[in-house]
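Only one structure is covered here, and it is reproduced in the block below.
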Amino acid sequence: MTIDTKRIREDFPILKREVHGKPLVYLDNAATTQKPQVVIDALVEYYSSYNANIHRGIHALAEEATGKYEATRQKVADFIGAPDASNIVFTRNTTESINLVAQAWGRKFLSAGDEIVLSTMEHHSNLVPWQILAKEKGLTLRFIDIDDDGQLVAADIERYIGEKTKLVAITHMSNVLGTINPVREIADRAHQHGALVLLDGAQSVPHLPVDVQELDCDFLAFSAHKMLGPTGVGVLYARKELLEEMDPFMSGGEMIRRVELEESTWNDVPWKFEAGTPNIGDVCAFSASLDYLSDLGMENVRAHEIELVQEAVRRLQNVPGITIYGPESAASKGGVVAFNIEDIHPHDLGTVLDRHGVAIRAGHHCAQPLMKRLDVVATGRASFYVYNEPTEFDALIEGIEAAARLFRAPVHTGA
Amino acid sequence: MPQSIPEPEFDELYRELILDHYRNPRHSEPLADADVVAEGYNPLCGDEVELRIDFKNGSVSDLSFGGRGCSISRASGSIMTDLVIGKPVADVRKLSELFNKMMTDPEAEVPEELGDLEALQGVAKFPVRVKCATLAWHTLEDGLKQRDEGGHAVRHEE
Ligand SMILES: Cc1ncc(COP(=O)(O)O)c(C=O)c1O
C-alpha cells in the first residue's frame, strides 16, 4: 500500500476533532469529503492576496486571479485526460453540469420520439433533469436494470441502446452500490448507433483514474467537493464541437461577445457557459485538491479503497442479520458499502453511530428508484477516502453492536 | 443499554418505553375486514404506515398498526393504538391535536391525556425525526376523515 494514511491524516485538521467525546470516524465520503490544509490555505490565500474579478480588470490582481482561475481549468483538463482546457466548463456541482447538458444540448437537439437511456441506479441528479426534458419534448426514457449483484444487465444494454437512442446518460460509479459500470463498452455501443454518452462522474472522478479519451465519453460531470475540494465548484467536460453547437445555458455578463439592444453574440467556449462572476475563490482552491490527488496518484487511491472495502466487508459480514448491497467483488466496486441490519432502521443506526463518533449516511441516498428496486426503504452507507484506515472499522462495529443491543428484542430462551 | 452513551438528549430520544414498543409492537396483527384502511408514506425517509380501523357507535372500536419505519415511527404508532382504541372519534381528534402541539414545542408541559405519548416529547428536540413521530397520527386523521366521507381506503403522504 503506497497510501500512507498516518501521514495523510496529519494534513486534515478536521480529523483531529471529537464528536460526542469520541474521535471522529468520517465514513460519509460519498456525500462530501474533508479538506486538507493546503486547500483551506489556498482559499485563504485567494481572499487575502489576489482577490479580484476575472477576465475584466487590467490591474495586477485581476491578472493574477484570471491566471490562477484559467490555470485550474487546464489542471482539470489534465486530471481527466481532456484534450484541451476549452473542454472544461466550471459549474456549481454535478447537478448543474447535468442540467446544463439537458437544457443547452437536449433542448436544442432532441425531439419527440427520441430516446434517452438511463439506469435504475441513477442519482436523482441524473434522472430528474431528463424526466423534465422528456415531458417537455415528448422523449422516451429507457432504464437499464441491475442484476442481483448490483451490476447493469448486459441484455438491457443491448436491448435499449438502439436506433432511437440519442443519449445514454449513466453513472460511472454508483453512489449506493459502488458498482463501477462498463462505460467504455456502453459508449462503443451508443456511438455505433449515433448516440452521445454522458457520464455522471460524481463518484468515479474522485476515486478512480478517469481518462475521458480512453472512456470515449461525450460529456462528463463531477463535483470538486467530493474530491477534497471546496463546495460550490462543479465541472462539465464536453467535446469541443458539442460545446460550440450548444445553446448558452444562462445568459448575462461574461458569456457574451457583443451585445446590442435587440441581440447579442456569444463568447467562445467554454466562457459561453459561464455567465456572470464565477466562483473564483473556490475554483482557485480546487487547484490545490487536484495537486494533492495527483501527488498521491489515482491508481494508489483506487488500490487503497479496494483494501478498505475488502476489510469493511470482511468485518461487516459477521454482523448478525446484515445484508450488504452491490457487487460482491471489490474489483467491481468503489469505496462504498451500503447495508441494512435486521430490526435496526438505518436512521436509528445512524443516530447511535453518531454517538460513537462515526459518521455514516442513512437514507435513500438520492436514489429512490434504486431503493424501490432493492425493495428497501433506506440503507446505511459507509464510504471511504484516502484518509480512512482499517482500524476505524472498530468504532463502526462497536456502534453497530450497541445499536443491536438497543433495538433488538431480547431473545427469550424459554425454560 | 450501552454505558457509553451519556448525553441526556440521546436518552430522551430512545426512552425505554419507546424501545419497548419498538421491540414489542402492540396491535400489530392487521384487522381483517376493517371499516377503513389508511396508508401513510413519507418519501423522504421511506417510512410506511398501515392503519386498519373499526368504528362502533361513534368510537374507534379497534385499530391495528403495521408498516416499515424507524423505532420512533413504530413506537409512536404502537402507543397510539393503546391510547385510541375505545375512545370516541371526537376525543381521538383532540388527542391528535395535542400530540402535534407537543411535537412542535419540546419545553411545553405535556397534557395528562397524552399518557405514554409523553415518552415521545424528546423527539421534538431532533427536528429531523419529528416527522417519524407524527406520520402515524397524520395517517389516523386521514382515516377519520375518510370515515366521515363514507370512503374505505385512503393514502396519506407527508
Ligand atoms: C452519483 C452521483 N451523482 C450526482 C451527485 C450530485 O452531486 P452534487 O450534489 O455535487 O451536484 C452525487 C452526489 O451527491 C452522486 O453521488
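Chains as they are written, first to last, in this note's numbering: chain U, 2 to 416; chain B, 32 to 189. Glycine is no exception: its CB is placed at the ideal position from the N, C-alpha and C atoms.
Cβ of residue i within 8 angstroms of Cβ of residue j?
i, j, result
"Gln35/U", "Tyr388/U", "yes"
"His357/U", "Gly400/U", "yes"
"Phe91/U", "Leu291/U", "no"
"Phe250/U", "Leu101/U", "yes"
"Met247/U", "Ala276/U", "no"
"Ile89/U", "Ala72/U", "no"
"Phe144/U", "Thr121/U", "yes"
"Leu114/B", "Asp147/B", "yes"
"Glu390/U", "Thr67/U", "no"
"Leu111/U", "Lys138/U", "yes"
"Ala188/U", "Ile162/U", "no"
"Tyr293/U", "Pro37/U", "yes"
"Asp283/U", "Pro231/U", "yes"
"Ala61/U", "Val177/U", "no"
"Arg374/U", "Ile117/U", "no"
"Ala164/B", "Leu145/B", "no"
"Arg125/B", "Val91/B", "Contrary to the premise, residue 125/B reads as Lys rather than Arg in this sequence. No, these two residues do not count as a Cβ contact at 8 angstroms."
Excluding the 5 residues flanking residue i on each side, which residues of the same chain have their C-beta closer than 6 angstroms to its C-beta?
i, result
"Arg409/U", "Asp344"
"Pro24/U", "Gly358"
"Pro37/B", "In this prediction, Pro37/B has a pLDDT of 47, which is less than 50 and means its spatial position is unreliable; nothing more can be read from the coordinates."
"Leu397/U", "Val359"
"Gly179/U", "Gly327, Lys334, Gly335, Val337"
"Gly381/U", "Phe340, Pro347, Leu350, Ile361, Ala363"
"Ala103/U", "Pro130, Leu134"
"Arg99/B", "Glu79"
"Met372/U", "His365"
"Pro207/U", "Lys227, Met228"
"Ala331/U", "Ile307, Val310, Gln311"
"Ala106/B", "Ile49, His52, Tyr53"
"Thr112/B", "Arg57, His58, Leu94, Phe96"
"Arg316/U", "Phe394, Ile398"
Determine the DSSP secondary structure at residue i, reduced to helix, strand or coil.
i, result
"Ala434/U", "The requested residue 434/U is not part of the displayed model; chain U covers only 2 to 416."
"Tyr238/U", "strand"
"Thr135/B", "helix"
"Asp217/U", "coil"
"Ile398/U", "helix"
"His58/B", "coil"
"His169/B", "helix"
"Ala333/U", "Before going further, note that residue 333/U is Ser rather than Ala in the sequence given. Helix."
"Asn30/U", "coil"
"Asn73/B", "strand"
"Thr414/U", "At Thr414/U the pLDDT is 47, less than 50, meaning the model places this residue with poor confidence; the figure from the coordinates comes in the next sentence. Coil, per DSSP."
"Pro347/U", "helix"
"Glu188/B", "strand"
"Gly98/B", "strand"
"Val20/U", "strand"
"Asn1/U", "Residue 1/U lies beyond the stretch modelled for chain U, which goes from 2 to 416, so this question has no answer here."
"Asn54/U", "coil"
"Val211/U", "coil"
"Phe157/B", "coil"
"Tyr388/U", "coil"
"Leu82/B", "strand"
"Tyr293/U", "helix"
"Glu46/U", "helix"
"Phe144/U", "strand"
"Pro119/B", "strand"
"Asp51/B", "helix"
"Phe340/U", "strand"
"Arg362/U", "strand"
"Tyr326/U", "strand"
"Leu229/U", "coil"
Which same chain residues, not among the five before or five after residue i, have their C-beta less than 7 angstroms away from its C-beta?
i, result
"Ser202/B", "Because chain B here runs from 32 to 189, residue 202/B falls outside it and cannot be looked at."
"Thr324/U", "Phe340, Asn341"
"Ser384/U", "Leu28, Asp29, Asn30, Ala31, Gly336, Val337"
Which residues in chain A have a C-beta closer than 7 angstroms to the C-beta of residue i? List them in chain order.
i, result
"Phe41/B", "Of the chains in the structure shown, none is chain A; the protein chains are U and B."
Going along the chain, which residues of its own chain have a beta-carbon closer than 8 angstroms to the beta-carbon of residue i, five neighbours each way excluded?
i, result
"Leu44/B", "Ile103, Gly153, Val154, Lys156, Phe157, Arg160"
"Ala43/U", "Cys285, Ala286, Ser288, Ala289"
"His214/U", "A quick correction: the sequence has Gln, not His, at residue 214/U. Counting only Cβ-Cβ distances below 8 angstroms, and skipping sequence neighbours, we find Gly82, Ala83, Pro84."
"Leu244/U", "Ser87, Asn88, Val90, Val270, Pro271, Lys273, Phe274"
"Ser59/B", "Ser95, Phe96, Gly97, Ser109"
Quiz prompt | Contact between the region 346-354 of chain U and the region 196-205 of chain U (3+ Cβ pairs under 8 angstroms) | solution = no
Exercise. Can you check the region 146-181 of chain U for any alpha helix (DSSP H) of at least 4 residues that lies completely inside it and give the ranges in chain order?
Key: 155-161
Quiz item: Any contact of the region 89-105 of chain U with the region 214-225 of chain U, i.e. 3+ C-beta pairs under 8 angstroms?
Solution: yes
Quiz item: Whole beta strand (DSSP E) runs in the region 254-286 of chain U with 3 or more residues, listed along the chain?
Solution: 257-260, 265-267
Quiz item: Within the chosen definition, does the region 66-83 of chain B reach the region 172-183 of chain B through at least 3 CB pairs nearer than 8 angstroms?
Solution: yes
Quiz prompt | Cβ pair count under 8 angstroms reaching 3, the region 80-89 of chain B against the region 47-64 of chain B | solution = yes
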